[in-house]
Amino acid sequence: MNVEEIKELIQTFAESGLEEIEAELDGNRLYLKRSADAQAQVAPANIPGFCPNTVYTGWGAQIGQGLQTGQGTHDITNGSGGTDVIGADAPGVAKSSAAVGEGGANTEMVKAPLVGIFYEAPAPGEEPFVKEGQKVKKGDVLCVIEAMKMMNELKADVDGTVKKVDVKNGDAVEFGQVLFEVERC
Amino acid sequence: MLKRVLVANRGEIAVRIIRACMEMGIETVAVYSEADKDALHTVLADKAVCIGAPPAKDSYLNIGNIIEAAKVTGCDSVHPGFGFLSENSKFAEICEDNSLIFIGPPPAAIALMGDKAAARECARTARVPVVPGTAGTCAGPAEAAAAAKACGFPVLLKAAAGGGGRGLRRVNTEADIEAAFRAASSEAESAFGDGSMYVEKFIENPRHIEVQILADKFGNVVHLGERDCSMQRRNQKLIEEAPAAKLSGETARAMREAAVRAAKACGYVGAGTCEFVVDRDENFYFIEMNTRIQVEHPVTEAVTGIDIVKEQIRTASGEKLSFTQDDVEFRGHAIECRITAEDVSDGFRPCPGKIEFLHFPGGPSVRVDSAIYDGCEISPYYDSMIGKIIVHGENRTDAIRKMRRALSETVINGVKTTLPLSHLIMYDTEFLRGGFDTGFLERRLPELLDIYRKAGGDN
Numbered sequence: 006m007n008v009e010e011i012k013e014l015i016q017t018f019a020e021s022g023l024e025e026i027e028a029e030l031d032g033n034r035l036y037l038k039r040s041a042d043a044q045a046q047v048a049p050a051n052i053p054g055f056c057p058n059t060v061y062t063g064w065g066a067q068i069g070q071g072l073q074t075g076q077g078t079h080d081i082t083n084g085s086g087g088t089d090v091i092g093a094d095a096p097g098v099a100k101s102s103a104a105v106g107e108g109g110a111n112t113e114m115v116k117a118p119l120v121g122i123f124y125e126a127p128a129p130g131e132e133p134f135v136k137e138g139q140k141v142k143k144g145d146v147l148c149v150i151e152a153m154k155m156m157n158e159l160k161a162d163v164d165g166t167v168k169k170v171d172v173k174n175g176d177a178v179e180f181g182q183v184l185f186e187v188e189r190c
Numbered sequence: 003m004l005k006r007v008l009v010a011n012r013g014e015i016a017v018r019i020i021r022a023c024m025e026m027g028i029e030t031v032a033v034y035s036e037a038d039k040d041a042l043h044t045v046l047a048d049k050a051v052c053i054g055a056p057p058a059k060d061s062y063l064n065i066g067n068i069i070e071a072a073k074v075t076g077c078d079s080v081h082p083g084f085g086f087l088s089e090n091s092k093f094a095e096i097c098e099d100n101s102l103i104f105i106g107p108p109p110a111a112i113a114l115m116g117d118k119a120a121a122r123e124c125a126r127t128a129r130v131p132v133v134p135g136t137a138g139t140c141a142g143p144a145e146a147a148a149a150a151k152a153c154g155f156p157v158l159l160k161a162a163a164g165g166g167g168r169g170l171r172r173v174n175t176e177a178d179i180e181a182a183f184r185a186a187s188s189e190a191e192s193a194f195g196d197g198s199m200y201v202e203k204f205i206e207n208p209r210h211i212e213v214q215i216l217a218d219k220f221g222n223v224v225h226l227g228e229r230d231c232s233m234q235r236r237n238q239k240l241i242e243e244a245p246a247a248k249l250s251g252e253t254a255r256a257m258r259e260a261a262v263r264a265a266k267a268c269g270y271v272g273a274g275t276c277e278f279v280v281d282r283d284e285n286f287y288f289i290e291m292n293t294r295i296q297v298e299h300p301v302t303e304a305v306t307g308i309d310i311v312k313e314q315i316r317t318a319s320g321e322k323l324s325f326t327q328d329d330v331e332f333r334g335h336a337i338e339c340r341i342t343a344e345d346v347s348d349g350f351r352p353c354p355g356k357i358e359f360l361h362f363p364g365g366p367s368v369r370v371d372s373a374i375y376d377g378c379e380i381s382p383y384y385d386s387m388i389g390k391i392i393v394h395g396e397n398r399t400d401a402i403r404k405m406r407r408a409l410s411e412t413v414i415n416g417v418k419t420t421l422p423l424s425h426l427i428m429y430d431t432e433f434l435r436g437g438f439d440t441g442f443l444e445r446r447l448p449e450l451l452d453i454y455r456k457a458g459g460d461n
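Protein chains in written order, with my numbering: chain A, 6 to 190; chain B, 3 to 461.
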């Protein structure tokens with residue numbers, strides 16, 4: 006094994022996704038192993054200006070790949086566009102975006118009862134179940150949340166008018182996340 | 003190597019797992035119930051997902067929400083921690099069905115060791131000594147009575163689906179066994195969904211000594227030595243140490259090798275612990291295997307220098323163990339004191355509340371694993387353990403001195419804790435001598451509390 010061959014092997018290894026490799030050529034043994042420290046130097050994905058060296062670049066990357074459901078592929082376009090819709094980075098930071106209203110005595114905050122993907126319509130291309138300004142009755146289906154390959158219908162608990170839709174089609178939602186604000190009538 | 007782990011737990015173990023991932027450059031996703039929205043683990047993780055209402059069954063035991071949280075955040079793996087779903091083979095299977103690597107043993111090994119009667123049989127076939135008793139479960143009270151007569155009273159009636167000190171019932175004479183069997187079986191049915199029972203000879207006040215093992219997916223299994231966990235109250239550990247004091251080298255060696263055999267026999271992968279009871283004559287018997295990381299893992303880490311959580315992650319990624327048994331060396335002695343928010347003067351009643359002032363000990367060879375911080379709330383929904391203080395000394399005496407110092411400077415105001423009791427034990431002659439058994443606290447607690455009160459202790 007000459008120096009050039011070794012360099013080539015190292016280069017190929019570095020570019021691959023392999024963790025370790027053992028090679029024996031002409032009686033010479035070469036063992037390469039990726040160092041755990043090298044991974045620790047990957048720049049965190051949320052610092053502006055850094056190009057993250059990881060595969061995952063945000064919610065959009067996951068959802069945009071299209072989801073295989075029991076009912077066949079449901080192709081979701083990049084609904085969330087890479088924005089964090091889930092979770093806070095520190096205690097005290099508001100869970101939902103600043104756009105979620107304060108509510109008020111007469112507003113019903115409709116929250117996600119489980120973790121899953123929010124769909125505004127029964128199927129892609131169809132009309133959404135509800136739009137802002139629309140009147141709803143108790144029992145009307147407001148949206149569908151997909152979880153564990155099952156579609157769960159979320160129904161209105163009250164009669165009223167949909168004041169605001171707080172999430173976008175295809176958003177991943179967590180338990181307790183505000184989805185709709187409904188003005189009771 | 004794993005890229006993004008969903009940490010399916012809370013409290014100090016979730017923090018522990020997140021820290022290991024951070025050091026390995028692995029992203030983390032925390033899950034939390036509504037009661038934990040300001041918990042430390044949610045802050046440290048890269049992302050946090052709310053998975054349900056405070057009760058565990060709605061959140062930390064909610065398999066659907068946890069799996070979904072892992073998938074929507076693009077996780078490739080799940081670390082279950084301890085408790086909750088960590089020994090739920092169904093959960094491990096569901097992870098696999100959803101292309102999530104479960105950081106733990108294969109579902110079959112979890113199921114096998116989760117059935118305490120089957121685990122006994124597996125150990126027996128691996129030439130690991132088991133407590134005299136039934137082979138497998140009892141068909142009914144008659145079989146239990148026959149087994150009890152064979153190994154001699156008193157006996158323990160144990161639920162096959164139990165474990166961790168639950169589903170146990172002591173029976174002293176033959177006359178009591180039928181009624182006890184029926185009662186225990188129906189209790190087990192409602193608590194664990196499985197009323198199967200088996201019988202073990204009751205060993206009076208044994209020592210509880212367990213062996214840590216690590217295994218990779220290539221069949222390599224090593225032990226990391228034993229831990230003495232005999233300081234218990236009602237089967238709940240208070241203080242743990244590594245290595246076990248007053249245990250002959252020969253017995254320690256035999257136990258360690260037996261644990262490795264048991265792990266190999268069930269096709270184990272990852273970190274696991276074989277629990278043994280040891281009688282006064284140093285006869286040791288396998289009672290069960292815990293197929294998860296354990297609370298007291300830090301004492302083993304201290305004496306071996308091996309990061310067990312990182313090894314869990316590496317073996318789950320498909321890496322070979324990077325060391326052999328010969329590479330494992332033991333240095334010094336480590337002690338861990340669990341801190342639980344309980345009132346020792348009031349029957350160890352749990353004391354949820356708010357931490358008003360917190361000062362944890364520091365200094366060389368002192369480690370604190372905790373998720374509490376100044377001003378945080380201890381909620382009543384989960385178990386009352388709020389942290390662990392671990393010290394590592396050159397020998398057992400040195401470790402005890404360090405623990406005395408560490409506990410004496412610790413301040414946790416706002417909730418009552420078991421710390422003063424642990425501190426007192428650090429000065430107790432029987433504890434200092436070592437070799438105490440699991441009957442220690444039961445026997446000595448009233449006296450210790452009395453000393454504490456007389457010394458003006460106010461908790």
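Every residue gets a Cβ at the ideal spot worked out from N, C-alpha and C, and that includes glycine.
Closer than 8 Å at the beta carbon, the chain A residues around residue i
i     : result
B/A10 : Simply none; closest approach about 12 Å.
Chain-ordered chain B contacts of residue i [CB-CB under 8 Å]
i      : result
A/A152 : G66, N67, E70
A/A19  : By Cβ distance, chain B contributes nothing, its closest Cβ being about 15 Å from A/A19, past 8 Å.
A/A161 : Simply none; closest approach about 21 Å.
Contact list for residue i against chain B, beta-carbon separation under 7 Å
i      : result
A/V105 : The premise fails here: A/V105 is roughly 14 Å from chain B at the closest Cβ pair, so nothing lies under 7 Å.
A/I4   : Summary: the structure shown does not reach residue 4 of chain A, with chain A confined to residues 6 through 190, and so no result is reported for it.
A/A28  : Those within 7 Å of A/A28 in chain B number zero; the least Cβ separation is about 17 Å.
Neighbour list for residue i in chain B, Cβ cutoff strictly below 9 Å
i      : result
A/G32  : In chain order: nothing, as chain B lies at least about 24 Å away.
A/L119 : I53, G54, N64, G66, N67, E70
Unbroken beta strand (DSSP E) run spanning residue i, endpoints
i      : result
B/R172 : 168-173
B/D145 : The displayed chain sequence assigns Glu, not Asp, to residue 145 of chain B. Careful: B/E145 lies outside any beta strand (DSSP E), inside the alpha helix (DSSP H) at 143-153.
B/K118 : No beta strand (DSSP E) contains B/K118, which is instead part of the alpha helix (DSSP H) from 118-127.
A/V8   : Not the beta strand (DSSP E): A/V8 falls in the alpha helix (DSSP H), residues 8-20.
A/I122 : 121-124
B/A185 : Segment 176-194 is the alpha helix (DSSP H) holding B/A185; no beta strand (DSSP E) there.
B/F204 : Per DSSP, B/F204 belongs to no beta strand (DSSP E) and is neither H nor E.
B/S79  : 79-81
B/K160 : 157-165
Unbroken alpha helix (DSSP H) run spanning residue i, endpoints
i      : result
B/E449 : 442-456
B/E284 : Where B/E284 is concerned, there is no enclosing alpha helix (DSSP H), given that its DSSP letter is neither H nor E.
B/G251 : 251-267
A/Q139 : No alpha helix (DSSP H) contains A/Q139, which DSSP labels as neither H nor E.
B/R435 : 431-435
B/K92  : 91-99
B/L426 : 421-427
Sheet register partners of residue i (DSSP bridge)
i      : result
B/G272 : B/A217
B/R351 : B/D345
A/E188 : A/T112, A/T166
B/D230 : B/I211, B/E243
A/M153 : In the DSSP output, where bridge partners are listed per residue, A/M153 has none listed.
A/A28  : A/L35
B/M115 : According to DSSP, B/M115 bridges with nothing at all.
B/I414 : B/L360
A/C148 : A/L159
7 Å Cβ cut-off: residues of chain A touching residue i
i      : result
B/E321 : E24
Listed by chain order, chain A residues near residue i by CB distance under 9 Å
i      : result
B/E36  : F180, G181
B/V173 : Here the premise fails: no neighbours, minimum Cβ distance about 44 Å.
Cβ-heavy atom distance, residue i to the ligand NAD, below 7 Å
i     : result
B/C23 : This structure lacks the ligand NAD; in fact it carries no ligand of any kind.
Any alpha helix (DSSP H) of 4 or more consecutive residues that is wholly inside the segment 365-412 of chain B | Runs of the alpha helix (DSSP H) inside the segment 365-412 of chain B: 398-411.
Contiguous beta strand (DSSP E) assignments of at least 3 residues, all confined to the segment 16-68 of chain B | 29-35, 49-54
Residue ranges of each beta strand (DSSP E) run of no fewer than 3 residues wholly in the segment 276-340 of chain B, ordered along the chain?
-> 286-292
Which residues, taken in chain order from the segment 166-179 of chain A, show a beta carbon closer than 7 Å to some beta carbon of chain B?
-> Here the close residues are A177, E179.
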